[in-house]
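For reference, the structure discussed in these notes is given below.
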Amino acid sequence: MMNDLVKSGIWAVAQMAIGFAVSYAVTGSAGLGLVIALLGGMVGSFAYWLHARLWKVYARR
């Protein structure tokens, strides 16, 4: 379980950096880019973690 959390954390950083870059390029606003990147990172990381947990449950069957 700890490996899943670490992997999710590393993915979150990469996802937020990409999200910020794209959001900033589109909006021209660093503040809005940061908000979009943080929200996207939180939601995406939770979904990734949940997917990994469900995959393990399914794989045990």
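Residue numbers (my numbering): 33 to 93. No residue lacks a Cβ here, since even glycine has one placed at the ideal position from N, Cα and C. Since the model is a prediction, treat every value here as computed from it, not as a measurement.
*Can you grab the Cα-Cα spacing for the pair residue 93 / residue 84, in whole Å?*
15 angstroms
*Would you check if the distance between the CB atom of residue 73 and the CB atom of residue 45 is smaller than 9 angstroms?*
yes
*asked:* Quick check: residue 87 and residue 40, are their CB atoms within less than 9 angstroms of each other?
replied: no
*Tell me, to the nearest whole angstrom, how far the beta carbon of residue 52 is from that of residue 65; I am working on the premise that it is less than 8 angstroms.*
5 angstroms
*Going by Cα to Cα distance, which pick from 70, 91, 90 and 35 is closest to residue 48?*
70
*Kindly give me the distance between the Cβ atoms of residue 42 and residue 55, rounded to whole angstroms, as I take these residues to be in contact under 8 angstroms.*
The Cβ separation is near 20 angstroms, so there is no contact.
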